[in-house]
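Undergrad:
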Amino acid sequence: MPFSSASRTIVYPGTFDPITLGHIDLVRRASTMFDSIILAIATNPGKQPTLPLEQRIALARTTLSDVPNVEVVGFSGLLVDFLAEHNARLVLRGLRMVSDFEYELQMANINRLQAPHVETLFLTPEMQHSSISSTFVREIARLNGDISKLVPPEVEAAMKAHFGHA
């Protein structure tokens, strides 16, 4: 399928539990390459998120409010179905370390098997964000550690409140 107007939109899916400075870095850089970015915040039946979907959406909208071509939405179900509903065929995924590549490649290939026109583009975060993961943020926050260098202030406050450290 040749590039069309749908190609100007890229979907960045994930649970974003919570959204980190690494995620925000990728969105900001991708926003200069595409007309539209949809940050698709997933409900994942296989995971029990720390923050509810509505709060994850609200935090992402707040932290990305200055990026005009970003839309934040929640979704459930297959990513390829979400892409079809939004007339998109490009998926953005972040690669922090080499260890991310194998899993991300498997996901890209499975998506392509289900929808051959879907392409996955990989971006790496700025070096200072390359070790940040939502998993690390949750664990540090749970133990009342300092996450201020890993997430925006709004997310830090939400995590502290969630774990009763406010």
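To convert, note that position 61 of the sequence shown is 61 in the UniProt record's numbering; the numbers rise steadily by one, no gaps. Idealized CB from N, CA, C, for every residue including glycine. Small disclaimer: the values here were computed from a predicted structure and weren't measured.
Where does A158 fall in DSSP's three states?
TA: helix
Undergrad: Compute the distance between the beta-carbons of T50 and V155, then report whether it is under 9 angstroms.
TA: no
Undergrad: Restricting to Cα atoms, I'd like to know which of A161, R61, D17 is closest to V70.
TA: R61
Undergrad: Nearest to I37 by CA position, among L21, D25, I10, L79, is which residue?
TA: Nearest C-alpha to I37: I10.
Undergrad: Using DSSP with H/G/I as helix, E/B as strand and the rest coil, what is L105?
TA: helix
Undergrad: How far does the alpha helix (DSSP H) with V80 in it reach, from first residue to last?
TA: 79-85
Undergrad: Determine the burial state of R93: buried for a count of at least 16 other Cβ atoms within 10 Å of its Cβ, exposed for fewer.
TA: buried
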